[in-house]
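For the record, the sequence lines run as chains A and B. Going by full-length UniProt numbering, the residue at position 135 of the first sequence is 135; the numbering climbs one at a time, nothing skipped. Going by full-length UniProt numbering, the residue at position 119 of the second sequence is 119; the numbering climbs one at a time, nothing skipped. Backbone N, C-alpha and C fix where the C-beta goes; we use that ideal spot for every residue, glycine too. Everything below concerns the one structure shown next.
2 protein chains.
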Amino acid sequence: MSQPQKILSVREQIADVLRSDIISGELKPNTKLNEQQLAERFGTSRGPIRDVLLKLTKEGLLVSRNNVGSSVSSPLNPDVQKLSIGIRRKIEEFAVKQLEGRLTIDHFRQLEDIIEEMHDHFEGGRYTELTKTDIAFHQYLVELAGGEDLVNIWYPIVIRMRMNYKRITTSIKLVEEHRDIVNALKIDDTKAAINAIRRNIK
Amino acid sequence: MSQPQKILSVREQIADVLRSDIISGELKPNTKLNEQQLAERFGTSRGPIRDVLLKLTKEGLLVSRNNVGSSVSSPLNPDVQKLSIGIRRKIEEFAVKQLEGRLTIDHFRQLEDIIEEMHDHFEGGRYTELTKTDIAFHQYLVELAGGEDLVNIWYPIVIRMRMNYKRITTSIKLVEEHRDIVNALKIDDTKAAINAIRRNIK
DNA sequence: ATAGTGTACATTGTTAACAATTAAATGCCA
DNA sequence: TGGCATTTAATTGTTAACAATGTACACTAT
């Protein structure tokens, strides 16, 4: 058997689809999301949809107003975006330091599998999937180092930053940057790993 | 008329009460929250309760498992806590820099009203309310500088940190520290304001 | 005794109808 | 014609019943 396929609840799957739609730009900023329409699209009732909208609002992808509804957030203010990059670096540098000497063969295989997936998505031109896999790579490290708690802090920052990027900036270098990170971790060169992370986060 | 009292939806009020219960320690870590019981306690149905539990989970105060339920989170790992302090400082220093020369008389009066409220809560020994007012003070600055987006990033960090503090550490110095911040802002001494913020966040 | 299985119960997940609120459309009057 | 009140339609908020799931307990067989 290959990778253990994670079981996702209906709501998590719906949230994933909407996140993709927003990150890909298919759903543009200020687009109003109608609960009834979404319910029909996903073949559920409005209940689970409301749950998903609440979650995405807390993640910063949507803005909600009482008795009015949810709509897609606008891109981050450039100053806040710059601050976010700094915070993200701080968190992931922390993660790398914490993981020094604690990574096993299995961990490295997982990371390399993720990179392989990134590579495939890049080759296939699936840029939205590429972005999600990119996030998954970093999330793996952050979770390993700081657990669910740190992911909770880290995730809204990352997902919100991603809204601002356009695929134009995507090149094969993205995949290579992640290989650099893993290679540095493999030889337990924390300093090099931190530098690789810093180069990747921008 | 005094301060304009903000209108809160039913769900926001329920969320506030539960946040207080958790921060105050009345609800201890790992306590299981039963939807039906909460619904009866607040005189609503389970629907709004579920919304609130979802929100608090995204804030990090609760941990949820599918088909099992939500329970109160455990205190942060000390390393993550330290990291959180650093991030919070970074955000609030950013806020102070952004606000340089942009604060009006009205803003200062708002801030001083909040400090007055902190003072009253301190005198009355209402430490949970004191904590919430403390958060409100900082949120006011963060929101002013970075808007809803920055608050979204900042809030889960702060609220989660607060779970770890016990009232033992509370003294009148807490109130004075906030006066220092406002006084520095008043004379537009950003450097002093940043120092005051750094002293206060720990 | 104990590991494993099956059943009953408690709890969460989902649904569809109903209530409350908001935004838009209509009509009125100056 | 422009501003304002009123009505109407669309949308979100809430509820209670029902479905699905997980947990705990008793039972059985070895």
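If we count the other Cβ atoms within 10 Å of its Cβ and call it buried at 16 or more, is residue i buried or exposed?
{"i": "B/Ile197", "result": "buried"}
{"i": "B/Arg50", "result": "buried"}
{"i": "A/Pro156", "result": "buried"}
{"i": "A/Ala95", "result": "buried"}
{"i": "B/Arg102", "result": "exposed"}
{"i": "A/Val10", "result": "exposed"}
{"i": "A/Ala136", "result": "exposed"}
{"i": "B/Glu100", "result": "exposed"}
{"i": "B/Ser2", "result": "At B/Ser2 the pLDDT is 35, less than 50, meaning the model places this residue with poor confidence; the figure from the coordinates comes in the next sentence. Looking at its Cβ environment, which holds fewer than 16 other Cβ atoms inside 10 Å, B/Ser2 is exposed."}
{"i": "A/Thr104", "result": "exposed"}
{"i": "B/Ala184", "result": "buried"}
{"i": "A/Lys55", "result": "buried"}
{"i": "A/Ser84", "result": "buried"}
{"i": "A/Lys202", "result": "exposed"}
{"i": "A/Leu33", "result": "buried"}
{"i": "A/Pro4", "result": "At A/Pro4 the pLDDT is 48, less than 50, meaning the model places this residue with poor confidence; the figure from the coordinates comes in the next sentence. By the 10 Å Cβ count, A/Pro4 comes out exposed."}
{"i": "A/Leu8", "result": "exposed"}
Look up residue i in the DSSP assignment and give the residues it is bridged to.
{"i": "B/Ser64", "result": "B/Ser70"}
May I ask you to report which of helix, strand or coil DSSP gives residue i?
{"i": "residue 233 of chain A", "result": "Because chain A spans 1 through 202 in this model, residue 233 of chain A falls outside it and cannot be assessed."}
{"i": "B/Met163", "result": "coil"}
{"i": "B/Leu141", "result": "helix"}
{"i": "A/Gly43", "result": "coil"}
{"i": "A/Leu103", "result": "coil"}
{"i": "A/Glu157", "result": "Reading off the sequence, residue 157 of chain A comes out as Ile, not Glu. Note: A/Ile157 maps to helix in three-state DSSP."}
{"i": "B/Ser2", "result": "Residue placement at B/Ser2 is flagged as unreliable, the pLDDT there being 35, under the threshold of 50; a coordinate-derived value is accordingly withheld."}
{"i": "B/Asp188", "result": "coil"}
{"i": "A/Glu93", "result": "helix"}
{"i": "A/Gly25", "result": "coil"}
{"i": "B/Pro48", "result": "helix"}
So residue i and residue j are in contact, right, with Cβ under 8 Å, and what is the actual spacing, rounded?
{"i": "B/Ser74", "j": "B/Leu53", "result": "That pair is no contact at about 17 Å."}
{"i": "A/Ile14", "j": "A/Phe42", "result": "5 Å"}
{"i": "A/Leu174", "j": "A/Asp120", "result": "At roughly 13 Å, the Cβ-Cβ gap does not stay under 8 Å, so A/Leu174 and A/Asp120 are not in contact."}
{"i": "B/Ile35", "j": "B/Arg46", "result": "For the record, residue 35 of chain B in the displayed sequence is Glu; it is not Ile. 5 Å between Cβ atoms; contact."}
{"i": "B/Lys28", "j": "B/Val80", "result": "Incorrect: roughly 20 Å between the Cβ atoms, too far for contact."}
When every heavy atom of the ligand MG is checked, does at least one fall within less than 7 Å of the C-beta of residue i?
{"i": "A/Asn34", "result": "The ligand content of the structure shown is nil, which means the ligand MG is not present either."}
Please confirm if the stretch 149-157 of chain A is in contact with the stretch 100-116 of chain A, defined as three or more CB-CB distances below 8 Å between the two stretches. In short, these stretches do not touch, since the Cβ pair count stays below three.
Does the stretch 59-70 of chain A come within contact of the stretch 120-139 of chain B, defined as at least 3 CB pairs closer than 8 Å? no
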